[in-house]
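So the sequences go chain by chain: A and B. Numbered by our numbering, the letters in the first sequence go through residues 1 to 203 in order. Numbered by our numbering, the letters in the second sequence go through residues 1001 to 1266 in order. Note that CB positions come from ideal geometry on N, CA and C, so glycine has one too. These numbers were taken from a predicted model, which means no experiment stands behind them. Remarks on the structure that follows.
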Amino acid sequence: MADPVAHLSRHLARLPGIGEKTATRLAFHLVTGPAAHARELAAALLEAVDATQLCSACMNLTDTDPCRLCADASRDPTTLCVVAQPSDVMAIDRAGQFRGRYHVLHGLLSPLDGVSPDDLRIAELVRRLEPAGEDGERAEVREVILATSAGVEGETTAMYLARLLKPLGVAVSRIASGIPVGGELEYSDQATIARALEGRSAL
Amino acid sequence: MQPQRDDIVVLRRAPYRDADWIVTALARERGVISAIARGARRSRRRFQAGLGPFFVFSASLRRRPKGELWDLDSADVAQGFSSLAADVAATAHASYGTELVRELLPAERPEPEVFALLVELYDALATAGPSAPALRSFELRLLALVGLAPSLTRCTRCGRHLPIDEDGEVGFSPAQGGAVCAACEPAHAGMSLGAAARSLLIAAAELPIAEAAASLAPSDRGTSRAARDAMVRLVLHHVGKPLRSLEFIAKLRQGGAGGATKDREA
Ligand SMILES: [Zn+2]
Ligand SMILES: [Zn+2]
Chain A
1 MADPVAHLSR HLARLPGIGE KTATRLAFHL VTGPAAHARE LAAALLEAVD
51 ATQLCSACMN LTDTDPCRLC ADASRDPTTL CVVAQPSDVM AIDRAGQFRG
101 RYHVLHGLLS PLDGVSPDDL RIAELVRRLE PAGEDGERAE VREVILATSA
151 GVEGETTAMY LARLLKPLGV AVSRIASGIP VGGELEYSDQ ATIARALEGR
201 SAL
Chain B
1001 MQPQRDDIVV LRRAPYRDAD WIVTALARER GVISAIARGA RRSRRRFQAG
1051 LGPFFVFSAS LRRRPKGELW DLDSADVAQG FSSLAADVAA TAHASYGTEL
1101 VRELLPAERP EPEVFALLVE LYDALATAGP SAPALRSFEL RLLALVGLAP
1151 SLTRCTRCGR HLPIDEDGEV GFSPAQGGAV CAACEPAHAG MSLGAAARSL
1201 LIAAAELPIA EAAASLAPSD RGTSRAARDA MVRLVLHHVG KPLRSLEFIA
1251 KLRQGGAGGA TKDREA
């Protein structure tokens, strides 16, 4: 790399919400500020990346496996809330209404963007609903709540999952349309999320 | 700049900064435009339906002082096709139409007929569900509107008329833009097209999409596939790159779940 500052700003510009101008400003800020600050930032970045993994049960981001939500015995293991992103878990849990477990898809179906079922954590979801182990005992999950947003991708994903999951013998429900059409869950207020869960309907 | 009103269909939407979308849209009067929708990921009041695909929005647009971009100030739903989402295959078919328009139209060339055709496709798929003949009608009429209609009844090289009943198959060459006679291309170097598939395409090119979906449901799967293969190869030749929605449809077909029954194929 001929110019390390340009190299840095190119990497920064790949972050969501960071344009070229902002990236250049941040890069100059980092290299002209105290070197200790930059080193601490780099160390924190590496630490966070190395310590974060996907929970083997719910696919949420976690530093322990299973994650704290899956390991919490006081949470109801018979109800699963399916969401698109880890940030949706945070939004729903903050609302305090839901006391079951989660499953994170890491995206929504979108033929226009080429996101197909095998790009999402759908196989992992199905595995959680299938009879557990060789003794043929049923998994404990009885209800799956589809909490994807109300936009086209969220609806398509919910309808696809409903068709896929119902034959497995679980009740499938969809959050009420209190979540804004196409609005992202993380921008919804807590009362709206609580009402949407309360008013969910069977599919 | 004074705001201007136009109807738009969103062809692509990408997050930009914290709360904005960058949108590629087909505007009825202006053709394909790129616009920034400020705050659109937060404002449900100014931007309805999440500015998603498969809606006609009544939009307020302003040309930015410099460059190619527009500012999209607001978008109200004028027409929605929400039942598309009930069926992932219908969504996939509508996405294919959307992607084709996105790839085949140049920027800012007014194409009101393409706008109407795309809305006609959404309407037909929302009403009748996923449909291969609907896609054939859409592809052929779209290609005709942008000057790329394939020749189906005459040899593209010598112009000889190719009657449907004549010894069944004719050659079909995406690179040469349609059917080729045996004299011009004895080995069918491209691919060949049977009589049933060719008459299906000839009929689909003339029919409204909903009518094609209702009346051209193929009696056998082979005909449907042959017509699809010819059109998909032609389309990919013109687009010059893979289409995401087609890859999605192919995966859905392999995966089976929620998808693989008759007529869900493209
Ligand atoms: Zn977990
Ligand atoms: Zn010829």
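With a threshold of 6 Å, the Cβ atom of B/R1064 does not count as near ligand 2, since no heavy atom of the ligand is closer than that. Put simply, of B/S1245, B/A1195, B/R1062, B/P1218 the residue whose alpha carbon is nearest the alpha carbon of B/Q1002 is B/R1062. Residue-level contact check: A/Y102 does not touch chain B, since none of the beta carbons of chain B fall below 7 Å from its beta carbon. Contact annotation: A/L129 and A/L105 have beta-carbon atoms that are not nearer than 7 Å. Only residues of its own chain outside the window of five on either side were considered, and among them L109 have a CB closer than 7 Å to the CB of A/T156, listed in chain order.
Taking a 10 Å sphere around the C-beta of A/C58, we find 16 or more other C-beta atoms and assign the residue as buried. Against B/K1251, the close residues of chain A are S116, P117, D118, in the order they occur along the chain (beta-carbon pairs closer than 8 Å).
For B/T1024, the uninterrupted beta strand (DSSP E) segment begins and ends at 1020-1027. A distance criterion of 6 Å places the beta-carbon of B/R1244 beyond contact range of ligand 2, judged by its closest non-hydrogen atom. With respect to the 7 Å criterion, B/M1231 and B/E1139 are classified as neighbours on the basis of their beta carbons.
DSSP, reduced to helix, strand and coil, places B/E1103 within a helical segment of the structure shown.
Within chain B, the residues A1049, G1050, G1052 have their CB atoms less than 8 Å from the CB of A/G151, given in chain order. Residue state for B/A1203 is assigned as helix, using DSSP reduced to three classes. For B/F1248, the nearest beta carbon of chain A is closer than 7 Å to its own beta carbon.
Taking A/L80 as the centre and dropping the five residues before and after it, the same chain places the C-beta of R101, H103, V141, V144 closer than 6 Å to its C-beta, in chain order. Burial state of B/S1215 is exposed, judged by a 10 Å Cβ sphere holding fewer than 16 other Cβ atoms. Think of a sphere of 8 Å around the beta carbon of B/D1087: the chain A residues whose beta carbon falls inside it are M159, in chain order. Linking B/H1093 to B/L1118 through their CA atoms gives a straight-line distance of about 12 Å. Among the bridge pairs identified by DSSP, A/T62 is matched with A/Q53. By the C-beta density criterion, A/T52 is exposed, having fewer than 16 other C-beta atoms within 10 angstroms.
Around A/A38, the same chain offers L30 as residues with beta carbons nearer than 6 Å, after the five sequence neighbours per side are excluded. Interface with chain A (7 Å Cβ-Cβ cutoff): B/S1199 is excluded. Only exposed fits A/T64, as fewer than 16 other CB atoms lie within 10 angstroms of its CB. The C-beta of B/A1025 has 16 or more other C-beta atoms within 10 Å across all chains shown, which makes the residue buried. Going by C-alpha positions, B/I1202 is about 7 Å away from B/L1152. A/T78 sits in a strand when the DSSP states are folded into three classes. Distances from the alpha-carbon of B/F1057 to those of B/V1088, B/G1147, B/R1046 put B/R1046 closest.
Per DSSP, the continuous alpha helix (DSSP H) segment holding A/L165 begins and ends at 152-165.
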